[in-house]
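Undergrad: Per the numbering used here: the sequence shown ends with 1499, consecutive numbering throughout.
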Amino acid sequence: MNYRITLIPGDGIGPEVTDAARLVAEATGVSIDWDVVDAGERAIRATGSPLPESVLESIRRNRVALKGPITTPIGSGFRSVNVALRQQLDLYASVRPARAIAGEGTRFPETDLLVVREATEGLYSGVEHWVDRDHSAAETVNIITRKASDRIIKFAFERARRDHRKHVTAVHKANIMKTTGALFQTAFREMAPKYPDLLADERLIDNMCMQLVKKPEEYEVIVTTNLFGDILSDLCAGLAGGLGVAPGALYGETMAVFEPVHGSAPKYAGQDKADPVAEILCLELLLRHLGETEAADRVFRAVWETIHEKKVVTYDLALPGYTQRPVPPSSCSAMAKEIARKVPVVDLDAPLPTYRPPTPTAIDPSLEGA
Ligand code: NAD
């Protein structure tokens, strides 16, 4: 089967990491015809708009897109392209898997959870204004609707079932946000009984952050509103090995866009230095979405083996803490080539190489009995 898929290279490190993902896609043998369109800085230069209608049309036509990160100019008139894309295509569910993949650099090797974030409303609705002429007070409106809450909570329960996960946790701040928080909480409490096979519980956002950095392995699916989800998904990316290895997906009723959690990292743009893994794992999620399960399994395993061999890894995975012995960092393109080389030859039946904790330092004998 030949797939036509929208590709948005994006800004900063985006073109490098999406090139890496394309190389790996080729190695899978799945036939993909990329419909390349520009959004972000290149689109502003060419058309005056960071999100030209042609980009939206391409995604509506192809229904699936792979996207690089896009820079959001701070304080300028342009709204975030990422937020606009989610709202205009009604990509309401942002799903960010946090799987500990980065070996010794992962403090919590058992982390394997999904953050399911409502992506169209909440504090990202874009309704904000200065209250006075002196700009000494401002308001941002937190829009939470029952319809969007029901939709994302149902998505999270269904996704848990599909992925054979047993536990769904709603995160809110209903003790302080007595209307918006309570609305989300009520929607969760009324949906949970429809899924009696799943454990449903709730955490306040502050407590959730503390729980996650203590025992992330106790959580499987977290469902929450837009801002809390944004923050928690970066937190979980850190638990699972860092932004360089954290993929994400946006789902609507009929469309899906796959994009890494990380941004455009402008300081590394054009240096062939960025970690391509997050974008390559977006490709893995995209292949799963297409039903190309074996190709997706091959991509995941090739990434995993490359990271665990630690011969050809980018600077972030070569840092002390990720390795017990120093490794010279490789370039983005070299790591992508190594992953692509492995894709057709990995043995899908072999056990996955696993994390080995560092050998404990021997006790100084002079201290024994002290
Ligand atoms: P960022 O994720 O771009 O970078 C933060 C730091 O993380 C970098 O300085 C770098 O040290 C590290 N990092 C990120 N990606 C990496 C990779 N692939 N390999 C190695 N290291 C990596 O976050 P930021 O600096 O806050 O944002 C930069 C721009 O990206 C902003 O304009 C922001 O709005 C935008 N952004 C876009 C998206 C998106 O397109 N979905 C997401 C987040 C941020």
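A virtual CB, placed ideally from N, CA and C, is assigned to each residue, including glycine.
Going by Cα to Cα distance, which pick from S1459, E1388, V1352 is closest to Q1400?
TA: Locating residue 1400 in the sequence shown gives position 271, counting from the first residue. Of the listed residues, the one whose Cα sits closest to Q1400 is S1459.
Undergrad: Does the Cβ of G1255 lie closer than 8 Å to at least one heavy atom of the ligand NAD?
TA: Position 126 of the sequence shown, counting from 1, holds the residue named residue 1255. Not so, every heavy atom of the ligand NAD lies at least 8 Å from the Cβ.
Undergrad: Just to check, is the beta-carbon of I1142 closer than 8 Å to a non-hydrogen atom of the ligand NAD?
TA: If you number the sequence shown from 1, residue 1142 lands on position 13. Answer for I1142: yes, Cβ within range of the ligand NAD.
Undergrad: Can you round the beta-carbon distance between N1211 and T1135 to whole angstroms, since I take them to be within the 8 Å contact cut?
TA: Position 82 of the sequence shown holds residue 1211. Position 6 of the sequence shown holds residue 1135. N1211 to T1135, Cβ: 15 Å. No contact.
Undergrad: Since K1343 is in the alpha helix (DSSP H), which residue starts that stretch and which ends it?
TA: In the sequence shown, the residue the question calls residue 1343 occupies position 214. Counting along the chain, the alpha helix (DSSP H) containing K1343 begins and ends at 1334–1343.
Undergrad: Mind checking L1477: buried by the 16 CB within 10 Å criterion, or exposed?
TA: Along the sequence shown, one-based indexing puts residue 1477 at 348. Exposed, since its Cβ has fewer than 16 Cβ neighbours within 10 Å.
Undergrad: Compute every distance between the C-beta of P1405 and the non-hydrogen atoms of the ligand NAD, then say whether any falls below 8 Å.
TA: Counted from its first residue, the sequence shown places residue 1405 at position 276. Because some heavy atom of the ligand NAD lies under 8 Å away, the Cβ of P1405 counts as near it: yes.
Undergrad: Do you know offhand how far R1262's Cα is from E1268's?
TA: For the purposes of this step, residue 1262 is identified with residue 133 of the sequence shown, where counting begins at 1. For the purposes of this step, residue 1268 is identified with residue 139 of the sequence shown, where counting begins at 1. About 13 Å.
Undergrad: Does at least one heavy atom of the ligand NAD sit under 8 Å from the Cβ of P1458?
TA: Mapped onto the sequence shown, residue 1458 falls at position 329. P1458 Cβ: outside cutoff for every heavy atom of the ligand NAD.
Undergrad: Under 8 Å from any heavy atom of the ligand NAD, does the C-beta of I1087 make it?
TA: This structure gives no information on residue 1087, because the portion of the chain shown stretches from 1130 to 1499.
Undergrad: Among residues of its own chain, excluding the 5 on either side of G1169, which ones have a beta-carbon nearer than 7 Å to its beta-carbon?
TA: Counting from 1 along the sequence shown, the entry for residue 1169 is found at position 40. Closer than 7 Å at Cβ, skipping near neighbours: G1139, D1140, P1179, I1199, T1200, V1210.
Undergrad: Could you please give the first and the last residue of the uninterrupted alpha helix (DSSP H) stretch that includes D1363?
TA: In the sequence shown, counting from the first residue as 1, residue 1363 sits at position 234. Looking at the DSSP string, the run of the alpha helix (DSSP H) that includes D1363 is 1355–1368.
Undergrad: Look at A1285 and L1243 and say whether their C-beta atoms are less than 9 Å apart.
TA: Sequence index remark: in the sequence shown, residue 1285 carries index 156 (1-based). Sequence index remark: in the sequence shown, residue 1243 carries index 114 (1-based). Yes, Cβ-Cβ distance for A1285 and L1243 is below 9 Å.
Undergrad: Tell me whether K1196, by its Cβ, gets closer than 8 Å to a heavy atom of the ligand NAD.
TA: To locate residue 1196, count along the sequence shown from 1; it is residue 67. Yes, Cβ of K1196 sits closer than 8 Å to a heavy atom of the ligand NAD.
Undergrad: For the ligand NAD, is there any heavy atom lying closer than 8 Å to the beta carbon of V1376?
TA: Walking along the sequence shown from the start, residue 1376 turns up at place 247. Sequence inspection shows Pro at residue 1376; the Val mentioned does not correspond to that position. Checking the Cβ of P1376 against the ligand NAD gives no.
Undergrad: Leaving out five residues before and five after E1408 in sequence, what residues of the same chain have Cβ atoms less than 7 Å from its Cβ?
TA: Locating residue 1408 in the sequence shown gives position 279, where the first residue counts as 1. Result list for E1408: V1146, T1147, A1149, A1150, G1197, P1389, in chain order.
Undergrad: If you measure from the CB of G1139, is any heavy atom of the ligand NAD nearer than 8 Å?
TA: Position 10 of the sequence shown, counted from the first residue, corresponds to residue 1139. Checking the Cβ of G1139 against the ligand NAD gives yes.
Undergrad: Between K1323, F1317, M1339, which lies nearest to D1330 when the distance is taken from Cα to Cα?
TA: Here residue 1330 is taken as the residue at index 201 of the sequence shown, counted from 1. Answer by Cα proximity: F1317.
Undergrad: Is the CB-CB distance between V1193 and A1385 below 9 Å?
TA: Taking the first residue of the sequence shown as position 1, residue 1193 is located at position 64. Taking the first residue of the sequence shown as position 1, residue 1385 is located at position 256. Between V1193 and A1385, the C-beta gap is smaller than 9 Å, which places the two residues in contact.
Undergrad: Within 10 angstroms of its Cβ, does S1183 collect 16 or more other Cβ (buried), or is it exposed?
TA: Counted from its first residue, the sequence shown places residue 1183 at position 54. S1183 should be labelled exposed.
Undergrad: Where does A1499 land, buried or exposed, given buried means 16+ other C-beta within 10 angstroms?
TA: Taking the first residue of the sequence shown as position 1, residue 1499 is located at position 370. Unreliable positioning characterises A1499 in this predicted model, as indicated by a pLDDT of 37, which lies under 50. A coordinate reading is not provided.
Undergrad: Hey, would you say the C-beta of S1209 is under 8 Å away from at least one heavy atom of the ligand NAD?
TA: For the purposes of this step, residue 1209 is taken as the residue at position 80 of the sequence shown. S1209 Cβ: within cutoff of the ligand NAD.
Undergrad: How about E1388: is its Cβ closer than 8 Å to a heavy atom in the ligand NAD?
TA: The count along the sequence shown starts at 1 and reaches residue 1388 at position 259. Within the cutoff, so yes.
Undergrad: Just grab the DSSP bridge partners of E1257 for me.
TA: Along the sequence shown, one-based indexing puts residue 1257 at 128. E1257 is bridged to T1269.
Undergrad: Excluding five sequence neighbours on each side, which residues of the same chain lie with their C-beta closer than 6 Å to the C-beta of S1462?
TA: Counting from one through the sequence shown, the residue named residue 1462 turns up at place 333. So the qualifying residues of the chain are D1401.
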